[in-house]
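Visitor: Could you have a look at this structure, given as structure tokens, before my questions?
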Amino acid sequence: MFSTGLVSVALFFLSATGVRSFSVTTNNKNLRVEENEGADLTCSYSADFGSSARIEWKFKDIKGSQTYVVFDGKPTQPYAGRVTLYGNNLRINKVTRKDNGVYDCEVSAGAGQFGEVRVQLTVLVPPSPPMCRIPSSVKTGKVAMLTCHDGDGSPPPTYKWYKDNILMPADPSKIAGFRNATYKLSATSGNLEYPAVTKMDSGQYYCEAVNDAGAPQRCKGLKMEVRDANTGGIVAGVIVALLLLLLLGLGIWYAHKKGYLPKKAESKPKPSVVYQPTSLHSGDGGGGDDEDGEFKQKSSFVV
903 MFSTGLVSVA
913 LFFLSATGVR
923 SFSVTTNNKN
933 LRVEENEGAD
943 LTCSYSADFG
953 SSARIEWKFK
963 DIKGSQTYVV
973 FDGKPTQPYA
983 GRVTLYGNNL
993 RINKVTRKDN
1003 GVYDCEVSAG
1013 AGQFGEVRVQ
1023 LTVLVPPSPP
1033 MCRIPSSVKT
1043 GKVAMLTCHD
1053 GDGSPPPTYK
1063 WYKDNILMPA
1073 DPSKIAGFRN
1083 ATYKLSATSG
1093 NLEYPAVTKM
1103 DSGQYYCEAV
1113 NDAGAPQRCK
1123 GLKMEVRDAN
1133 TGGIVAGVIV
1143 ALLLLLLLGL
1153 GIWYAHKKGY
1163 LPKKAESKPK
1173 PSVVYQPTSL
1183 HSGDGGGGDD
1193 EDGEFKQKSS
1203 FVV
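Counting in our numbering, the sequence shown runs from 903 upward without gaps.
In structure tokens, the structure reads:
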């Protein structure tokens, strides 16, 4: 009795002061409908708006683009034939994934008389096999980016990565088998990034797209092999060097065989020089210039 009295007093006070409560409500703020099914978006308002209230429906998609669905009591051209307005309510005859977003029912009845309510519509579409990009070969220490995306699933799917058929945790430090791994995994974007791959990161990878509209779907598994950065280059360099040496040897042999190379000129013998000393004794007296203690050249050169 006491509470009823309080309500009566409050209503009397509001009517006496002229204060009105313009309210707009819906019986389902979060509507989930399977694709190609019909969807009913409800909207009701308080009697304070009067009998001449104006009702409009607006739509904002998941990318933020906004448009009128109903304006001035009539469906707009993009929605003509797809929607039906009955009373204040809006019916979409057959929803598609493009209808995902929020719908605002706006009610107005003159200056200052305005109210609105929002309905979230989720169109349920099972995921499709996602598109995965997995590098087949990466050099040790380099960045490796593995991507996964599905553009069909609604609500937008989340993503899981598997290595050698084992689910990879979002935080590798919490699982013993992945404690030494250094990857970064985003369940919302589907990206799996290795800032600097090591040999232990080699393996078979695949991705799985998941939402609550249907069964999970996965992409085909592919192997990623991590190789030492210099092994391939060294092997290739040695092979190229050996081929060049072989080609050079074959070229010299062929040129020599065809006589393209100049022959060596025959060298003439160098003149020999013979030193013939004269006799140390000249004449009968055995004297001569040698007795003076000086040496004088008396030899001759014969060629």
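C-beta atoms are modelled at their ideal positions from N, C-alpha and C, and glycine is treated no differently.
Keep in mind the model is a prediction, meaning the values are calculated, not measured.
Helix, strand or coil for residue 977 per DSSP?
Guide: Residue 977 carries a strand assignment under DSSP once its states are collapsed to helix, strand and coil.
Visitor: For the beta strand (DSSP E) that contains residue 1109, what are its first and last residues?
Guide: 1105-1112
Visitor: For residue 1119, which of 1008, 1033, 1007 and 1049 has the nearest alpha-carbon?
Guide: 1033
Visitor: Quick one, which of 948, 941, 939 and 930 has its alpha-carbon nearest residue 924's?
Guide: 948
Visitor: Under the rule that 16 or more other beta-carbon atoms within 10 Å means buried, what is residue 1056, buried or exposed?
Guide: Flag for residue 1056 reads buried.
Visitor: Is residue 935 closer than 8 Å to residue 1017 when the C-beta atoms are compared?
Guide: no
Visitor: Residue 1092 and residue 1028 look like a contact to me (Cβ under 8 Å); what is the Cβ gap, rounded to whole Å?
Guide: Contact flag wrong, Cβ pair sits at about 17 Å.
Visitor: Please classify residue 996: does DSSP put it in a helix, a strand, or coil?
Guide: coil
Visitor: Does residue 1156 come out as helix, strand or coil in the three-state DSSP assignment?
Guide: helix
Visitor: When you compare each of 950, 1039, 999 and 928 to residue 991 by their alpha carbons, which one comes out closest?
Guide: 928
Visitor: Starting from the C-beta of residue 1031, find all residues in its chain whose C-beta is less than 7 Å away, skip the five residues before and the five after it, and write them out in chain order.
Guide: 1119, 1120 and 1121
Visitor: Looking only at its own chain, which residues have a Cβ that is under 6 Å from the Cβ of residue 997, when we skip the five neighbours before and after it?
Guide: 935, 941 and 1025
Visitor: Assign residue 1063 to buried or exposed, taking buried as 16 or more other Cβ atoms, counted over all protein chains shown, within 10 Å of its Cβ.
Guide: buried
Visitor: Which residues in the same chain as residue 1073 place their Cβ atom closer than 8 Å to its Cβ, once the five residues preceding and following it in sequence are excluded?
Guide: none
Visitor: For the segment 951-964 against the segment 1007-1015, are there 3 or more C-beta pairs whose distance is under 8 Å?
Guide: Enough Cβ pairs lie closer than 8 Å, so yes.
Visitor: So, for residue 978: in the same chain, excluding its five sequence neighbours on each side, which residues have a beta-carbon less than 6 Å away from its beta-carbon?
Guide: 970
Visitor: Per DSSP, residue 1068 is paired with what?
Guide: 1065
Visitor: Measuring alpha carbon to alpha carbon, tell me which residue in 946, 1000, 1078 and 950 is nearest residue 1019.
Guide: 946
Visitor: Can you have a look at residue 1182 and say buried or exposed, based on whether 16 or more other CB atoms are within 10 angstroms of its CB?
Guide: Note that residue 1182 scores a pLDDT of 47, beneath 50, so its modelled location is shaky and nothing firm can be said.
Visitor: Under a three-way DSSP split, which group does residue 1099 fall into?
Guide: When DSSP states are grouped into helix, strand and coil, residue 1099 belongs to the coil group.
Visitor: CA-CA distance, residue 1153 and residue 1047?
Guide: 47 Å
Visitor: For residue 931, which residues from the same chain have a beta carbon less than 8 Å from its beta carbon, with the 5 sequence-adjacent residues on both sides left out?
Guide: 1019, 1020, 1021 and 1022
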